[in-house]
Amino acid sequence: QSALTQPPSASGSPGQSVTISCTGTSSDVGGYNYVSWYQQHPGKAPKVMIYEVSKRPSGVPDRFSGSKSGNTASLTVSGLQAEDEADYYCTSYAGSNSLYVFGTGTKVTVL
Amino acid sequence: QVQVQESGPGLVKPSETLSLTCSVSDYSISSDFCWGWIRQPPGKGLEWIGSVFHSGGPYYNPSLKSRVTISVDTSKNQFSLKLTSVTAADTAVYYCAREGCISYWFESWGQGTLVSVSS
Numbered sequence: 284q285s286a287l288t289q290p291p292s293a294s295g296s297p298g299q300s301v302t303i304s305c306t307g308t309s310s311d312v313g314g315y316n317y318v319s320w321y322q323q324h325p326g327k328a329p330k331v332m333i334y335e336v337s338k339r340p341s342g343v344p345d346r347f348s349g350s351k352s353g354n355t356a357s358l359t360v361s362g363l364q365a366e367d368e369a370d371y372y373c374t375s376y377a378g379s380n381s382l383y384v385f386g387t388g389t390k391v392t393v394l
Numbered sequence: 022q023v024q025v026q027e028s029g030p031g032l033v034k035p036s037e038t039l040s041l042t043c044s045v046s047d048y049s050i051s052s053d054f055c056w057g058w059i060r061q062p063p064g065k066g067l068e069w070i071g072s073v074f075h076s077g078g079p080y081y082n083p084s085l086k087s088r089v090t091i092s093v094d095t096s097k098n099q100f101s102l103k104l105t106s107v108t109a110a111d112t113a114v115y116y117c118a119r120e121g122c123i124s125y126w127f128e129s130w131g132q133g134t135l136v137s138v139s140s
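Protein chains in written order, with the numbering used here: chain A, 284 to 394; chain B, 22 to 140.
So, in structure tokens, the structure goes:
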């Protein structure tokens with residue numbers, strides 16, 4: 284089972300938007316609405332930002348939004364802030380044999 | 022929010038068994054439990070290891086399945102990970118997590134514990 288494909292890096296200036304893609308297959312991203320996104324600052328544990336493609340847990344700013352089209356899911360961070368600089372990982376349910384597959388990760392830089 | 026915390030040896034010798042425990046606070050693990058382990062080699066991405074669900078499982082990453090055991094101890098409100106025959110490639114930060122039982126996401130994460138495999 285292969286990891287989901289994310290761009291290695293993305294960047295934007297404060298106040299701008301950045302969108303990160305997460306490409307899988309019909310056996311994972313395209314087959315289920317169970318895509319979630321995690322933010323990880325250096326030396327810290329990941330934190331969930333989006334689950335079920337587009338739902339935000341309590342406490343996550345509405346600047347973070349998720350979507351999916353076919354085999355590709357996306358995370359958009361609007362109104363970039365300095366504290367958004369971090370690594371972001373997607374993950375998808377991949378069926379009962381392998382349950383989860385993670386993305387390769389994207390480093391977001393706020394210029 | 023459910024709190025989880027990993028504990029265990031930080032150094033394991035090659036070919037031996039890595040054993041970690043995840044202690045759960047502010048929640049009874051015997052409720053509709055869904056718990057998992059994830060790891061991250063230094064400087065690399067996240068890798069799902071396995072999960073246990075109240076409705077079934079455990080489920081393991083196929084690439085690790087032959088070496089992994091995840092179990093739950095409801096009397097201690099803990100769940101554990103055992104990984105046998107470790108090599109240097111198993112050196113990683115290991116995280117335990119509470120999962121969303123219905124919608125497959127990692128709701129709460131522990132702070133992580135670094136396990137190094139070295140003689």
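Idealized CB from N, CA, C, for every residue including glycine. Predicted model only: the values in this text are computed from it and were never measured.
Rounded C-alpha distance that separates ASP345 (chain A) from GLY307 (chain A):
For this step, residue 345 (chain A) is matched to residue 62 along the first sequence. For this step, residue 307 (chain A) is matched to residue 24 along the first sequence. The alpha-carbon atoms of ASP345 (chain A) and GLY307 (chain A) are separated by roughly 25 Å.
For ARG339 (chain A) and LEU85 (chain B), what's the separation of their Cα atoms in angstroms?
In the first sequence, residue 339 (chain A) corresponds to position 56, counting from 1. In the second sequence, residue 85 (chain B) corresponds to position 64, counting from 1. Straight-line measurement puts the Cα of LEU85 (chain B) at about 31 Å from the Cα of ARG339 (chain A).
Let me make sure I understand the geometry here. Which of B:LEU39, B:VAL25, B:VAL23 has the alpha-carbon closest to that of ALA110 (chain B)?
To locate residue 110 (chain B), count along the second sequence from 1; it is residue 89. Checked all of B:LEU39, B:VAL25, B:VAL23; the closest Cα to ALA110 (chain B) is B:LEU39.
Note down the Cα distance separating SER72 (chain B) from SER300 (chain A), rounded to an integer number of angstroms.
Taking the second sequence and counting its residues from 1, one reaches residue 72 (chain B) at position 51. Taking the first sequence and counting its residues from 1, one reaches residue 300 (chain A) at position 17. In a straight line, the C-alpha of SER72 (chain B) is about 35 Å away from that of SER300 (chain A).
Does DSSP put ALA286 (chain A) in a helix, a strand or coil?
Taking the first sequence and counting its residues from 1, the one referred to as residue 286 (chain A) is at position 3. DSSP places ALA286 (chain A) in coil when its eight states are reduced to three.
Cβ of LEU382 (chain A) less than 7 Å from any chain B Cβ?
Here residue 382 (chain A) refers to the residue found at position 99 of the first sequence. Closer than 7 Å: yes.
Spell out whether any CB of chain B is found under 7 Å from the CB atom of TYR371 (chain A).
Taking the first sequence and counting its residues from 1, the one referred to as residue 371 (chain A) is at position 88. No, its Cβ sits nowhere closer than 7 Å to a Cβ of chain B.
Grouping DSSP H, G and I as helix and E and B as strand, with all else coil, what is GLY362 (chain A)?
Locating residue 362 (chain A) in the first sequence gives position 79, counting from the first residue. Residue state, collapsed to three classes: coil.
The stretch 99–115 of chain B touching the stretch 286–303 of chain A, judged by at least three CB pairs closer than 8 Å
no
Listed by chain order, chain C residues near LEU67 (chain B) by CB distance under 9 Å
No chain C is part of this structure, whose protein chains are labelled A and B.
Cβ-based neighbour list, VAL23 (chain B), same chain, cut-off 8 Å, excluding 5 preceding and 5 following
The sequence position of residue 23 (chain B) within the second sequence is 2, counting from 1. If we look at VAL23 (chain B) and ignore the five residues flanking it on each side, its Cβ neighbours are VAL45, SER46, ASP47, TYR48, ARG119, GLU128, SER129.
Curious, which full-length beta strand (DSSP E) runs of at least 3 residues does the stretch 307–340 of chain A contain?
318–323, 330–333
Measure the Cβ-Cβ separation of VAL391 (chain A) and ASP311 (chain A) and say whether it is below 7 Å.
Position 108 of the first sequence, counted from the first residue, corresponds to residue 391 (chain A). Position 28 of the first sequence, counted from the first residue, corresponds to residue 311 (chain A). Not closer than 7 Å, so no.
Spatial neighbours of HIS324 (chain A) within its chain, please: C-beta separation below 6 Å, excluding the five flanking residues on both sides.
Taking the first residue of the first sequence as position 1, residue 324 (chain A) is located at position 41. Here HIS324 (chain A) has ALA369 as same chain residues with Cβ atoms under 6 Å from its own Cβ, once five neighbours each way along the sequence are excluded.
C-alpha gap between GLN132 (chain B) and CYS117 (chain B), whole angstroms
Here residue 132 (chain B) is taken as the residue at index 111 of the second sequence, counted from 1. Here residue 117 (chain B) is taken as the residue at index 96 of the second sequence, counted from 1. One C-alpha to the other measures close to 8 Å.
Does the beta carbon of GLU368 (chain A) sit closer than 7 Å to a beta carbon anywhere in chain B?
Position 85 of the first sequence, counted from the first residue, corresponds to residue 368 (chain A). Closer than 7 Å: no.
Cα-Cα separation between GLU68 (chain B) and ARG60 (chain B), rounded to whole angstroms:
As a working mapping, residue 68 (chain B) is identified with position 47 in the second sequence. As a working mapping, residue 60 (chain B) is identified with position 39 in the second sequence. If you take the alpha carbons of GLU68 (chain B) and ARG60 (chain B), they lie about 5 Å apart.
Can you name the start and end residues of the beta strand (DSSP E) that ASP370 (chain A) belongs to?
Position 87 of the first sequence, counting from 1, holds the residue named residue 370 (chain A). In the DSSP assignment, ASP370 (chain A) falls within the unbroken beta strand (DSSP E) covering 369–376.
Where ILE123 (chain B) falls, given that 16 or more other Cβ within 10 Å makes a residue buried
On the second sequence, residue 123 (chain B) is found 102 positions in, with the first residue counted as 1. So ILE123 (chain B) ends up on the exposed side.
Name the two residues that bound the continuous beta strand (DSSP E) containing VAL391 (chain A).
Against the first sequence, residue 391 (chain A) aligns to sequence position 108. It spans 389–393 - the beta strand (DSSP E) in which VAL391 (chain A) sits, taken as one unbroken run.
Please list, in chain order, the residues of the stretch 122–138 of chain B that have any C-beta partner in chain A closer than 7 Å.
SER124, TYR125, TRP126, PHE127, GLU128, TRP130, GLY131, GLN132, GLY133
State the DSSP-derived secondary structure class of ASP111 (chain B), mapped to helix, strand or coil.
Numbered from its first residue, the second sequence carries residue 111 (chain B) at position 90. If DSSP states are grouped into helix, strand and coil, ASP111 (chain B) belongs with the helices.
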